[in-house]
Structures are given as structure tokens and as C-alpha cells.
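Just so you know, our numbering puts the end of the sequence shown at 363, numbered straight through with nothing missing.
No residue lacks a Cβ here, since even glycine has one placed at the ideal position from N, Cα and C.
Accompanying notes for the structure given below.
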Amino acid sequence: MQAKKRFGQNFLSDKKLLEDLVNLINVDSNDRLLEIGPGKGDLTKNLINICDSYFGIELDKDLLVFLRNKFPKNRNAFIDGDILKLNASEIYASNQFRVVGNIPYNISSPILDWCEKHYEKILDIHFMLQKEFALRCAGNEKTSSYGRLSVICKYLYEVTIIKEVSKEFFNPMPKVDSLFVKFSPKKREVNQKELQNLKKVTRALFNKKRKKISNSLQDILEKETINNLDLNLNLRPDELSLNEYLQISALVKDDG
Ligand code: SAM
Numbered sequence: 108m109q110a111k112k113r114f115g116q117n118f119l120s121d122k123k124l125l126e127d128l129v130n131l132i133n134v135d136s137n138d139r140l141l142e143i144g145p146g147k148g149d150l151t152k153n154l155i156n157i158c159d160s161y162f163g164i165e166l167d168k169d170l171l172v173f174l175r176n177k178f179p180k181n182r183n184a185f186i187d188g189d190i191l192k193l194n195a196s197e198i199y200a201s202n203q204f205r206v207v208g209n210i211p212y213n214i215s216s217p218i219l220d221w222c223e224k225h226y227e228k229i230l231d232i233h234f235m236l237q238k239e240f241a242l243r244c245a246g247n248e249k250t251s252s253y254g255r256l257s258v259i260c261k262y263l264y265e266v267t268i269i270k271e272v273s274k275e276f277f278n279p280m281p282k283v284d285s286l287f288v289k290f291s292p293k294k295r296e297v298n299q300k301e302l303q304n305l306k307k308v309t310r311a312l313f314n315k316k317r318k319k320i321s322n323s324l325q326d327i328l329e330k331e332t333i334n335n336l337d338l339n340l341n342l343r344p345d346e347l348s349l350n351e352y353l354q355i356s357a358l359v360k361d362d363g
């Protein structure tokens with residue numbers, strides 16, 4: 108079957124690599140799994156036989172037919188649809204579940220937004236990601252990969268790069284290398300107000316990435332509040348830690 112570029116299809120089939128990935132995910136028989144984009148099912152076959160509860164959501168209807176024929180006993184485990192439109196309670200009700208996938212790289216950010224929406228139900232996430240995107244998710248302050256995405260990911264997750272995967276393993280071979288990454292939720296509940304303020308602050312500051320924060324803080328805080336901040340205002344946005352971003356976020360007014 109010809110890979111379809113518009114669905115971000117780059118398949119994995121190397122037996123040893125797939126076994127390594129499943130070992131890294133550490134799948135247990137009691138797990139409830141959701142696989143995003145099972146594709147031709149090569150990672151799937153290493154997951155579906157281990158755990159009691161598996162669902163895979165696939166957008167490509169040709170691949171869905173293929174998957175249902177490949178796993179006839181699990182035909183109903185394959186959902187015809189778009190992960191971005193899936194309401195997880197339709198599959199796992201109020202139960203928590205784990206998310207895995209060699210995901211389509213062109214929608215990595217919206218997929219992370221989907222995970223954020225289902226944050227409280229997700230036990231952990233293992234994604235194959237484009238290397239540069241993964242580095243941005245895991246980036247630390249004062250490094251070149253650090254940005255808005257790093258701050259938000261750091262707030263929500265412990266992000267761990269667990270394996271480098273060369274582009275040669277994928278078919279068709281992409282131009283980019285990949286990293287297999289684990290996201291472990293840091294909290295059981297998200298304080299939405301804090302998160303929304305953090306998003307607002309990081310957006311305002313990273314929009315002027317090369318300016319001192321004294322400049323961009325004026326867009327979101329009163330002058331007096333800025334002067335009372337216990338922060339070096341000569342710093343640039345990529346020099347602030349998550350805690351420093353939270354310190355600023357706490358001062359953002361609801362309407363401001
Ligand atoms: N898991 C397979 C593997 O590792 O060989 C396929 C990985 S391929 C990178 C991404 C898969 O996601 C494809 O099967 C593609 O059709 C599917 N896909 C693309 N967009 C999707 C979406 N919005 N919702 C669900 N699946 C999607």
C-alpha cells in the first residue's frame with residue numbers, strides 16, 4: 108500500500124526497533140491503551156496482544172480495512188476517525204488510559220493540545236516525534252531549543268527523551284530524524300486559570316524573543332506591578348525558568 112503524505116505516513120517495521128519501543132513503553136496486561144495512527148499495525152501487534160484493553164484511531168480508511176483484516180478478533184478496537192475530534196470518554200468512559208503513537212508529525216502540536224484537553228484522564232504518553240519538535244518539548248532555559256512549547260510542556264509534564272531513532276528506520280524515509288519521548292503528567296488536575304495565564308505570558312514574551320523582558324512585560328502588566336517583580340528585567344524570554352514564568356503569570360489580571 109502506497110504511503111499517503113497528507114496523512115503524515117512514515118511506517119515503522121523493524122522488528123527489533125518495535126520490540127525496543129514496546130519495552131520502553133513498559134506495557135502491562137492491565138493497561139488501557141490508545142494508539143494514535145496504528146497505520147499498518149506493526150507497532151500495534153506488539154501492543155494489542157499484551158494489554159487487555161486497546162483502541163487505535165486511524166484516519167485513513169484504506170488502512171482501517173487493512174487493520175481490521177489483520178486483527179480480525181480485534182476489529183472493534185479500531186476507530187474510524189480523526190484523533191483531534193475524538194472524545195476519549197467515548198472509549199474509556201471516566202477511566203484513565205495511556206497514549207502511544209508514531210504520530211503524524213504535521214499535527215504534533217494539535218495532538219499535544221488534544222492530550223492537554225484530556226490531561227486528567229491520561230496516565231502517560233509515548234510519542235515518536237520529529238527530533239527538533241521533541242527537543243523543543245524537552246528544552247531547558249538558556250538552550251537554543253527553549254521556547255513557549257518547552258515552558259508549557261514543563262508545566263504539564265516530566266518530558267523524557269528515551270530513544271533516538273534514525274530516519275532510515277521509516278518507510279518512506281523522511282528528511283528528519285526522530286526521538287521517542289515520554290510525557291508523564293506532573294499533576295492530577297490542571298489549574299486552568301494558572302495555565303491560561305502562563306500561556307498568555309509566554310505568548311507575549313516569546314513573541315519578542317530577542318527583546319529584554321522589561322519591554323514585553325508592558326503588554327501584559329501594569330508598570331507598578333513590573334517594578335515590584337523580584338526578577339532581573341534585563342533577561343530575555345529564553346533565560347527565564349518555569350518558576351519565573353509562574354511568578355509573572357500569578358500577577359496577570361483576569362481581564363488584562
Ligand atoms: N503507527 C504506524 C507505524 O508506526 O508504522 C503508522 C505511523 S504514521 C507516522 C502516522 C499514522 O497516523 C498513519 O497511519 C496516518 O494515516 C495516521 N493519521 C494521520 N492523521 C491522523 C489523525 N488526524 N487521526 C488519526 N490518525 C491519523
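Distance between C260 and C244 (C-alpha atoms, nearest Å) | As a first step, residue 244 must be located in the sequence shown, where it is residue number 137. As a first step, residue 260 must be located in the sequence shown, where it is residue number 153. Separation of C244 and C260 (C-alpha to C-alpha, rounded to the nearest whole angstrom) is 6 Å.
Sequence-distant residues of the same chain with beta carbon closer than 7 Å to L119, five excluded per side | Your numbering for residue 119 matches position 12 in the sequence shown. Excluding positions up to five away in sequence, the list reads L125, D149, L150, N209, F276 and F277.
Close Cβ partners of L340 (< 8 Å) along its chain, the five nearest in sequence each way excluded | For this step, residue 340 is matched to residue 233 along the sequence shown. Excluding sequence neighbours, L340 sits near K319, I320, S321, L324 and I333.
Heavy atom of the ligand SAM less than 8 Å from the Cβ of F118, yes or no?
-> The residue labelled residue 118 in the question sits at position 11 within the sequence shown. It does: the Cβ of F118 is within 8 Å (strictly closer) of some heavy atom of the ligand SAM.
Grouping DSSP H, G and I as helix and E and B as strand, with all else coil, what is E296?
-> Residue numbering aside, residue 296 sits at position 189 when the sequence shown is read from its first letter. Reduced to three states, the DSSP call for E296 is coil.
Which residues mark the beginning and the end of the alpha helix (DSSP H) in which S216 is found?
-> For the purposes of this step, residue 216 is taken as the residue at position 109 of the sequence shown. From DSSP, the alpha helix (DSSP H) with S216 extends over S215 to K224.
Measure the beta-carbon distance from S58 to L263 and round it to whole angstroms, keeping in mind my assumption that it falls under 8 Å.
-> With the chain represented from 108 up to 363, any question about residue 58 goes unanswered, as that position is not in the structure.
Decide if V206 is buried, meaning its Cβ has at least 16 other Cβ atoms within 10 Å, or exposed.
-> Residue 206 sits at position 99 when you count from the first residue of the sequence shown. The residue in question, V206, is buried, as its Cβ has 16 or more Cβ neighbours within 10 Å.
Span of the alpha helix (DSSP H) around E126 | By one-based count along the sequence shown, residue 126 stands at place 19. Segment K122 to I132, the alpha helix (DSSP H) holding E126.
Run the proximity test for N181: is its beta-carbon closer than 8 Å to any non-hydrogen atom belonging to the ligand ADP?
-> You won't find the ligand ADP in this model; what it holds is the ligand SAM.
Do the CB positions of E265 and F287 come within less than 9 Å of each other?
-> Reading the sequence shown from its first residue, position 158 is the one you call residue 265. Reading the sequence shown from its first residue, position 180 is the one you call residue 287. No, the Cβ-Cβ distance between E265 and F287 is not below 9 Å.
Could you tell me whether the Cβ atoms of G144 and I157 are closer together than 9 Å?
-> Taking the first residue of the sequence shown as position 1, residue 144 is located at position 37. Taking the first residue of the sequence shown as position 1, residue 157 is located at position 50. No, the pair does not count as a contact, with Cβ atoms beyond the cut-off.
Endpoints, alpha helix (DSSP H) assigned at Y199 | Numbered from its first residue, the sequence shown carries residue 199 at position 92. S196 to Y199 is the span of the alpha helix (DSSP H), which, as asked, contains Y199.
Backbone CA spacing between N130 and N153 [nearest angstrom] | For the purposes of this step, residue 130 is identified with residue 23 of the sequence shown, where counting begins at 1. For the purposes of this step, residue 153 is identified with residue 46 of the sequence shown, where counting begins at 1. For N130 and N153, the distance between alpha carbons rounds to 10 Å.
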